[in-house]
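Here the structure is laid out as structure tokens; the discussion comes afterwards.
2 protein chains.
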Amino acid sequence: MSQQKKIAILGSTGSIGVNTLDVVEKFSDKFEITALTANNNIDLIEAQIKKFKPSIAVIGEEEKARKLSEKIGDICSVLYGAKGLNEMAKETDYDILVSSLVGFAGLSPTIEGIKRGKRIALANKETLVAAGEYVMKLAEKHNSEIIPVDSEHSAIFQTLVGEDRKNLRKIILTASGGPFFSKTAEELKSVTIEEALNHPNWSMGNKVTIDSATMMNKGLEMIEARWLFNLPKEKIEPLIHPQSIIHSMVEFNDGSIKAQLSMPDMRLPIQYALSYPERLPAQFVDTDFAKLSALTFHKPDYEKFRCLQLAFDVMEQGGLKPCIMNAANEIAVDKFLNGQIKFSEIPDVIESALEKIEMNFTDELETIFECDRLTRELFNQ
Amino acid sequence: MSQQKKIAILGSTGSIGVNTLDVVEKFSDKFEITALTANNNIDLIEAQIKKFKPSIAVIGEEEKARKLSEKIGDICSVLYGAKGLNEMAKETDYDILVSSLVGFAGLSPTIEGIKRGKRIALANKETLVAAGEYVMKLAEKHNSEIIPVDSEHSAIFQTLVGEDRKNLRKIILTASGGPFFSKTAEELKSVTIEEALNHPNWSMGNKVTIDSATMMNKGLEMIEARWLFNLPKEKIEPLIHPQSIIHSMVEFNDGSIKAQLSMPDMRLPIQYALSYPERLPAQFVDTDFAKLSALTFHKPDYEKFRCLQLAFDVMEQGGLKPCIMNAANEIAVDKFLNGQIKFSEIPDVIESALEKIEMNFTDELETIFECDRLTRELFNQ
Numbered sequence: 002m003s004q005q006k007k008i009a010i011l012g013s014t015g016s017i018g019v020n021t022l023d024v025v026e027k028f029s030d031k032f033e034i035t036a037l038t039a040n041n042n043i044d045l046i047e048a049q050i051k052k053f054k055p056s057i058a059v060i061g062e063e064e065k066a067r068k069l070s071e072k073i074g075d076i077c078s079v080l081y082g083a084k085g086l087n088e089m090a091k092e093t094d095y096d097i098l099v100s101s102l103v104g105f106a107g108l109s110p111t112i113e114g115i116k117r118g119k120r121i122a123l124a125n126k127e128t129l130v131a132a133g134e135y136v137m138k139l140a141e142k143h144n145s146e147i148i149p150v151d152s153e154h155s156a157i158f159q160t161l162v163g164e165d166r167k168n169l170r171k172i173i174l175t176a177s178g179g180p181f182f183s184k185t186a187e188e189l190k191s192v193t194i195e196e197a198l199n200h201p202n203w204s205m206g207n208k209v210t211i212d213s214a215t216m217m218n219k220g221l222e223m224i225e226a227r228w229l230f231n232l233p234k235e236k237i238e239p240l241i242h243p244q245s246i247i248h249s250m251v252e253f254n255d256g257s258i259k260a261q262l263s264m265p266d267m268r269l270p271i272q273y274a275l276s277y278p279e280r281l282p283a284q285f286v287d288t289d290f291a292k293l294s295a296l297t298f299h300k301p302d303y304e305k306f307r308c309l310q311l312a313f314d315v316m317e318q319g320g321l322k323p324c325i326m327n328a329a330n331e332i333a334v335d336k337f338l339n340g341q342i343k344f345s346e347i348p349d350v351i352e353s354a355l356e357k358i359e360m361n362f363t364d365e366l367e368t369i370f371e372c373d374r375l376t377r378e379l380f381n382q
Numbered sequence: 002m003s004q005q006k007k008i009a010i011l012g013s014t015g016s017i018g019v020n021t022l023d024v025v026e027k028f029s030d031k032f033e034i035t036a037l038t039a040n041n042n043i044d045l046i047e048a049q050i051k052k053f054k055p056s057i058a059v060i061g062e063e064e065k066a067r068k069l070s071e072k073i074g075d076i077c078s079v080l081y082g083a084k085g086l087n088e089m090a091k092e093t094d095y096d097i098l099v100s101s102l103v104g105f106a107g108l109s110p111t112i113e114g115i116k117r118g119k120r121i122a123l124a125n126k127e128t129l130v131a132a133g134e135y136v137m138k139l140a141e142k143h144n145s146e147i148i149p150v151d152s153e154h155s156a157i158f159q160t161l162v163g164e165d166r167k168n169l170r171k172i173i174l175t176a177s178g179g180p181f182f183s184k185t186a187e188e189l190k191s192v193t194i195e196e197a198l199n200h201p202n203w204s205m206g207n208k209v210t211i212d213s214a215t216m217m218n219k220g221l222e223m224i225e226a227r228w229l230f231n232l233p234k235e236k237i238e239p240l241i242h243p244q245s246i247i248h249s250m251v252e253f254n255d256g257s258i259k260a261q262l263s264m265p266d267m268r269l270p271i272q273y274a275l276s277y278p279e280r281l282p283a284q285f286v287d288t289d290f291a292k293l294s295a296l297t298f299h300k301p302d303y304e305k306f307r308c309l310q311l312a313f314d315v316m317e318q319g320g321l322k323p324c325i326m327n328a329a330n331e332i333a334v335d336k337f338l339n340g341q342i343k344f345s346e347i348p349d350v351i352e353s354a355l356e357k358i359e360m361n362f363t364d365e366l367e368t369i370f371e372c373d374r375l376t377r378e379l380f381n382q
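Chains A and B are the protein sequences, given in the same order.
The numbering of the first sequence is this note's numbering, which starts it at 2 and goes up by one.
The numbering of the second sequence is this note's numbering, which starts it at 2 and goes up by one.
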């Protein structure tokens with residue numbers, strides 16, 4: 002009998018969390034759940050707890066923790082809030098921490114997992130966008146494997162298996178182009194929330210879907226890739242590929258290109274992040290090439306998708322700029338979803354934050370948290 | 002200073018040979034030529050000998066050997082004929098034997114290289130089609146690496162680097178579909194030699210180009226793949242991809258697919274076969290995805306391309322059937338190029354040979370040679 006790997010999920014009721022549990026259920030002989038966390042969705046986490054029987058659960062607020070405790074009885078203990086997340090990440094018995102909280106909140110518990118030398122199945126973008134240099138150094142120090150869960154970074158990770166990274170010429174990060182790929186800059190000014198939430202290929206949470214519409218998603222992924230694969234910006238090339246079949250590519254110094262592809266299904270990269278270096282037999286996706294529509298490729302339009310240009314700029318500037326951009330983007334997406342600003346004003350909000358915040362960069366986590374806090378305060382006045 | 006690898010080329014004036022010399026010239030610090038061979042093209046091999054200074058050359062006939070000797074003076078010794086090829090393969094000092102003779106003639110000297118435990122950069126299809134089982138066993142026994150040069154098999158080889166082959170679900174062997182992909186079976190009856198020689202993507206020799214038009218090329222490649230990667234026929238799937246950008250793909254048991262791709266240029270897989278497991282920096286190809294036409298995929302039509310079905314059948318039947326099919330196909334292509342039969346009669350010739358030749362299979366090389374000879378005799382009467 003093979004030993005089961007113990008898995009803790011940060012954000013089990015979100016899209017990545019739910020898909021991770023699908024994978025764990027399929028391979029119940031390989032994996033078991035030791036911790037689940039959610040922000041608001043009590044009903045879903047209750048069902049998940051009853052099914053997967055973790056030893057600990059974390060929920061957003063104290064009041065909700067009390068309610069959840071009542072519902073699940075003595076199956077597991079329930080913590081709450083940011084403190085609860087950190088405590089779970091520090092104390093629970095797990096081999097793999099699935100880091101799939103959305104936003105900056107995912108950084109702190111992920112760091113706790115890294116400090117324990119655990120494998121991180123990383124879906125939370127902010128961990129590397131805001132604190133990439135710090136996090137990668139920490140992971141090296143504690144011998145913590147960071148395996149990407151994003152389909153794009155997983156594709157790059159998979160295509161690099163067995164290859165010498167010194168031979169890498171560039172990575173080609175594919176992007177669907179989002180729902181507004183064929184709109185003009187003028188048309189972008191009047192798009193509605195509903196249009197922006199209607200992604201052509203992937204079903205994801207609201208924040209990520211809006212980021213995909215502005216292409217900030219790809220910008221954040223470029224910065225993630227920069228740290229994950231230790232690459233200068235010249236070696237990172239975004240490419241529009243509307244069909245989302247090729248999840249990303251790697252070009253080697255001899256001109257040979259390797260791609261990883263399949264019908265879109267997040268369970269595939271999630272499963273790989275859990276099973277690596279093994280692959281486990283599954284039928285989540287079935288790619289029938291003869292039935293696919295033609296695969297096409299286009300250069301991204303940086304003038305129309307200003308967020309992508311902003312991401313390139315802050316990647317080059319480094320320091321705290323990516324952290325500021327990330328926080329301002331979270332605020333801007335919130336404002337757009339609440340009807341406070343127009344879609345085309347999202348990059349304006351980010352630009353204004355990048356202009357206003359001035360802080361000296363130190364490679365300490367406190368500086369990054371402080372920078373994030375200051376950026377958010379800017380818009381709370 | 003790194004030591005140069007010594008290279009002997011079987012068939013240096015053909016398309017693969019010429020491209021190999023391009024690669025060797027670019028990396029003259031890594032590779033040197035110790036043997037060159039040609040059948041007829043005295044002028045070209047003379048120029049190659051003067052440039053690359055091998056220690057030995059082989060040409061088709063005694064008379065030509067005399068002429069060539071006169072022209073090149075004492076640069077190197079000149080042998081001739083099948084005996085000369087075998088002697089070269091047995092005696093010359095080389096690390097890598099580039100096996101790029103076209104047709105059955107390539108088998109015997111390739112086997113000599115394998116027996117010496119040398120790396121074989123394999124472009125000659127017949128080595129594995131006619132004698133796959135024998136050759137792979139021999140290679141294992143003598144610890145000889147067989148690295149494919151065909152763009153398709155190189156793609157599969159490259160995508161399998163670092164992966165556990167037990168996780169392989171299937172290989173997807175892409176095919177351009179040749180110049181007649183969109184013709185009807187009826188239209189195929191009246192195609193001319195000129196039309197058949199006009200391949201859309203690759204510039205190759207006449208035999209290979211006709212094989213591409215009948216899709217026998219892909220049939221031969223399926224049988225090669227069967228032996229090279231030790232796969233049952235269920236795990237080998239041909240797929241029409243008219244743009245020839247994706248050179249082949251591999252699907253793993255988790256549903257993840259890896260592809261190797263680039264603009265078509267034979268120097269890339271040749272270089273890889275020479276440099277593996279290293280990659281060497283080169284600019285032979287530059288793939289600009291934004292400039293590519295859409296990539297499309299289609300199921301092959303086995304009724305229209307009867308040679309492909311024949312290849313599937315003999316792959317399943319095994320024994321001497323692939324050897325018979327291969328020999329009959331060489332004869333049939335010759336007859337077509339000489340205007341003796343119509344394009345659509347090529348599979349008829351092969352079918353009649355498969356019906357007429359009856360021999361007991363033994364896993365001995367003599368049986369395979371005898372079977373090849375008998376098949377050819379059938380059409381010499």
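The C-beta atom is built at its ideal place from N, Cα and C for all residues, glycine as well.
Note that the structure is predicted; figures quoted are calculated from it, not measured.
Could you please give me the residues that DSSP links to residue i through a beta bridge?
i	result
Lys236/A	Per DSSP, none; premise fails for Lys236/A.
Lys6/A	Phe32/A
Ala172/A	For the record, residue 172/A in the displayed sequence is Ile; it is not Ala. DSSP lists Ile237/A, Val251/A as partners of Ile172/A.
Leu262/A	Ile247/A, Ile258/B
Thr38/B	Val59/B
Val79/A	Ala58/A
Ile147/A	Ile121/A
Under three-state DSSP, which class holds residue i?
i	result
His248/A	strand
Tyr95/A	coil
His299/A	strand
Leu366/B	helix
Ala122/B	strand
Leu11/B	strand
Ser100/A	strand
Ile342/B	coil
Arg307/B	helix
Thr1/A	This structure cannot speak to residue 1/A, because chain A is shown only from 2 to 382.
Glu187/A	helix
Ile194/B	helix
Report yes if the CB atom of residue i is closer than 9 Å to the CB atom of residue j, and no otherwise.
i	j	result
Leu229/B	Pro149/B	yes
Ser294/B	Thr175/B	no
Thr93/A	Ile57/A	yes
Ile121/B	Glu146/B	yes
Pro348/A	Leu311/A	yes
Asp373/B	Ser276/A	no
Val192/B	Val103/B	no
Ala197/A	Phe380/A	no
Gly118/A	Asn87/A	no
Met223/B	Met316/B	yes
Lys126/B	Glu225/B	yes
For residue i, which residues of its own chain have a beta-carbon under 6 Å away from its beta-carbon, when the five flanking residues on both sides are left out?
i	result
Ile10/B	Gly18, Thr21, Leu37, Val99
Thr363/B	none
Gly114/B	Ala90, Leu98, Ile121
Lys72/B	Glu47
Met2/B	In this prediction, Met2/B has a pLDDT of 45, which is less than 50 and means its spatial position is unreliable; what the coordinates show is noted afterwards. Nothing listed; no residue qualifies.
So, for residue i: in the same chain, excluding its five sequence neighbours on each side, which residues have a beta-carbon less than 7 Å away from its beta-carbon?
i	result
Arg377/A	Ala328, Ile332
Ala283/B	Lys27, Gln272
Ser13/B	Leu22, Leu37, Thr38, Ala39, Ile46, Gln49
Does any C-beta atom of chain C lie closer than 9 Å to the C-beta of residue i?
i	result
Pro282/A	Going by chain labels, chain C is absent from the structure shown, which instead holds the protein chains A and B.
Who are the near neighbours of residue i in its chain, counting only those whose CB is closer than 8 Å to its CB and skipping five residues on each side?
i	result
Lys190/A	Lys343, Phe344, Ser345
At a cut of 8 Å, does the segment 5–21 of chain B reach the segment 366–373 of chain A through at least three beta carbon pairs? no
Spell out a yes or no on whether the segment 288–303 of chain B and the segment 61–78 of chain B are touching, meaning 3 or more CB-CB pairs, one atom from each, closer than 8 Å. no
Counting beta carbon pairs with one atom in the segment 62–73 of chain B and one in the segment 131–147 of chain B, are three or more of them shorter than 8 Å? no
Stretch pair the segment 342–354 of chain A + the segment 152–160 of chain A: three plus CB contacts closer than 8 Å: no
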